[in-house]
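Student:
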Amino acid sequence: MNLFRSHARKVMAGMLCSAVLLTGTACGNQVQENINDEQQVQELQKITVGEVAHSIFYAPSYAAMSLGYFEEEGLEVDLINLQGADKVMTAMISDEIQIGLAGPEANVYTSLQNLEDRVVIFAQLTQRDGSFLVGREPIENFSLEMLGELERAEIIGGRAGGAPEMTLEYVLKTNGLDIGVDDESKPVNVRTDIQFAAMGGSFLSGEGDFVTLFEPTATQFEKEGKGYILTAIGAHCGNIPFTAYSAAQSYIDANPDVIQRFTNAVYKGQQYVATHSAEEIAPLVQPYFEDISLEDMVTVVQRYKDIEAWDTTPVLEPEALEKLMDVMTLAGQLEERAAYSDIVTTEFAEKAIETVKFE
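Residues 74 to 432 (the numbering used here) are what the sequence shown spells out, left to right.
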């Protein structure tokens, strides 16, 4: 319950008691109810979760929050946007946050550093790239092959080594395009010199011919006539573990019950979005994105449903991690593969699937 609302109810109860002193029983019951409300608030365990970005792409988690699934598990989630997988990893390692939502590629990198306290994935959230290729003009019947037919196609792809940039490379290369990375001599050039948070602003300032953007930014650009969505990158890449929840191994060891309850709530959210329409999901997600209309929210949610962006369970399978490392290798960012057992635990996801009951 909201703390302000709880305080307001206590004040109202006190006024009622003063006005009707002879009805002490009713007042006593009201006061007891307020005490129970306060106890319920106090019993919620607060955890800080760092997001790699704030995007509708993570709708299952926002739906779970709106539906009270985390509260049902005794958790109060404090979300912060850290704007980058590297920053999420650093925050977990330094104990600034308890749980992080980021691309598993970051776990691969940290695993190969042989850190004393590993960062381990316990729940996968998304299974496709969630970005959209945005151009300066609409292109009818667009296909990726068309990029190779243009005189110039410079794409702002994001930070080198990040999942969005590497997946973009993978999609372009597997569609037969001869691309360069920060190489203007190539007909299709992917730029990696612009940080994730600055990609949209750089495109607006005239940099690049195309840019990959997540929602709600892509739709906002289109609504304002600043860009046009041409295709979803996730429609071309196949299943890749794109974002997942992680925690430091030391935190998992010390707080297995918290991790389990968190995973239970995530699984409930995944099942909700898998079994409900965009029209039903959108009102639950919109409170976290007040600048986008409900109508546009429905459109965005449907786009993600169309490409099956969201996992239906929190289990990250070994073959999915192998596919991600294939993408990383093709991008020239991985020379040594990490061991699945060093990066992933499915204990909590499997227990959630086994024990969570739906009404």
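By construction, the Cβ of each residue, glycine as well, lies at the ideal position given by its N, Cα and C atoms.
1. Enumerate in chain order the residues of its own chain whose CB-to-CB distance from Glu144 is below 8 angstroms, with the five nearest sequence positions on each side excluded.
2. Measuring straight from C-alpha to C-alpha, what distance separates Val207 and Pro289?
3. Taking Val346 and Ala126 to be in contact with their CB atoms under 8 angstroms, please state how far apart those CB atoms are, rounded to whole angstroms.
4. Is it true that the CB of Asp266 sits closer than 9 angstroms to the CB of Pro237?
5. Using a threshold of 8 angstroms, is the CB atom of Tyr324 nearer than that to any non-hydrogen atom of the ligand GDP?
6. What are the start and end residues of the alpha helix (DSSP H) that includes Arg209?
7. Roughly how many angstroms lie between the CA atoms of Asn248 and Phe215, to the nearest whole one?
8. Could you give the residue range of the beta strand (DSSP E) that holds Phe195?
9. Return the chain-ordered list of same chain residues with a C-beta closer than 6 angstroms to the C-beta of Ala196, the five sequence neighbours on each side being excluded.
10. Counting pairs of Cβ atoms below 8 angstroms between the stretch 220-228 and the stretch 283-300, do you hit three or more?
11. Excluding five sequence neighbours on each side, which residues of the same chain lie with their C-beta closer than 8 angstroms to the C-beta of Met272?
12. In whole angstroms, what separates the C-alpha of Val104 from that of Met138?
13. Would you mind working out which of Thr292, Ser184, Asp399 and Arg209 sits nearest Gly279, comparing C-alpha positions?
14. Using only alpha-carbon positions, find the residue among Val192, Pro356 and Phe276 that is nearest to Gly300.
15. Rounded to a whole number of angstroms, what is the C-alpha to C-alpha distance between Lys424 and Arg334?
16. So, Ala305 versus Ile194, is the Cβ gap smaller than 9 angstroms?
17. Between Asn337 and chain D, is the shortest Cβ-Cβ distance under 9 angstroms, so that the two count as touching?
18. Pull up the distance between the alpha-carbon of Ile313 and that of Phe205, whole angstroms please.
19. Just to confirm my understanding: we take Thr385, look at its own chain, exclude 5 residues before and 5 after, and list those with CB closer than 8 angstroms. What are they?
20. Between the alpha carbons of Thr292 and Leu367, how many angstroms are there, rounded?
21. Taking the C-alpha atoms as reference points, what is the distance between Pro211 and Asp364?
Tutor: Looking at the coordinates:
1. As a first step, residue 144 must be located in the sequence shown, where it is residue number 71. The answer, listed in chain order, is Leu117.
2. Along the sequence shown, one-based indexing puts residue 207 at 134. Along the sequence shown, one-based indexing puts residue 289 at 216. Distance from the CA of Val207 to the CA of Pro289, rounded to the nearest whole angstrom, comes to 13 angstroms.
3. The count along the sequence shown starts at 1 and reaches residue 346 at position 273. The count along the sequence shown starts at 1 and reaches residue 126 at position 53. With a contact defined as Cβ atoms closer than 8 angstroms, Val346 and Ala126 miss out at about 18 angstroms.
4. As a working mapping, residue 237 is identified with position 164 in the sequence shown. As a working mapping, residue 266 is identified with position 193 in the sequence shown. It is not a contact, given that the beta carbons lie outside the stated cut-off.
5. In the structure on display, the ligand GDP does not appear, and there are no ligands present to speak of.
6. Here residue 209 is taken as the residue at index 136 of the sequence shown, counted from 1. Note, Arg209: premise wrong, no alpha helix (DSSP H); not H, not E.
7. As a working note, residue 248 is residue 175 in the sequence shown. As a working note, residue 215 is residue 142 in the sequence shown. Those two C-alpha atoms are separated by around 14 angstroms.
8. Along the sequence shown, read from residue 1 onward, the residue named residue 195 stands at position 122. Per DSSP, Phe195 belongs to the beta strand (DSSP E) from Val192 to Thr199.
9. The residue given as residue 196 occupies position 123 in the sequence shown. Closer than 6 angstroms at Cβ, skipping near neighbours: Tyr318, Thr336, Val339, Pro387 and Ala422.
10. For the pair of segments examined, the stretch 220-228 was found to touch the stretch 283-300: the number of CB pairs separated by less than 8 angstroms reaches three.
11. Your numbering for residue 272 matches position 199 in the sequence shown. Ile229, Gly231, Val284, Thr285 and Leu286, listed in sequence order.
12. Counting from 1 along the sequence shown, the entry for residue 104 is found at position 31. Counting from 1 along the sequence shown, the entry for residue 138 is found at position 65. Residue placement at Val104 is poorly supported in this model, since its pLDDT is 46, which falls under 50; the coordinates still yield a value, given next. About 28 angstroms.
13. For the purposes of this step, residue 279 is identified with residue 206 of the sequence shown, where counting begins at 1. Check the Cα spacing between Gly279 and each of Thr292, Ser184, Asp399 and Arg209: the tightest is with Arg209.
14. Here the question's residue 300 lines up with position 227 in the sequence shown. Of the listed residues, the one whose Cα sits closest to Gly300 is Phe276.
15. Taking the sequence shown and counting its residues from 1, the one referred to as residue 424 is at position 351. Taking the sequence shown and counting its residues from 1, the one referred to as residue 334 is at position 261. Taking the straight line from one Cα to the other gives about 10 angstroms.
16. Along the sequence shown, one-based indexing puts residue 305 at 232. Along the sequence shown, one-based indexing puts residue 194 at 121. Note that the C-beta distance between Ala305 and Ile194 is not below 9 angstroms.
17. No chain D appears in this structure, which consists of one protein chain only.
18. Numbered from 1 along the sequence shown, position 240 holds the residue referred to as residue 313. Numbered from 1 along the sequence shown, position 132 holds the residue referred to as residue 205. Rounded to the nearest angstrom, the two C-alpha atoms are 16 angstroms apart.
19. Along the sequence shown, one-based indexing puts residue 385 at 312. So the qualifying residues of the chain are Gln343, Gln344 and Ala347.
20. To locate residue 292, count along the sequence shown from 1; it is residue 219. To locate residue 367, count along the sequence shown from 1; it is residue 294. When rounded, the distance between both Cα atoms is 12 angstroms.
21. Along the sequence shown, one-based indexing puts residue 211 at 138. Along the sequence shown, one-based indexing puts residue 364 at 291. Cα to Cα, the separation comes out at about 24 angstroms.
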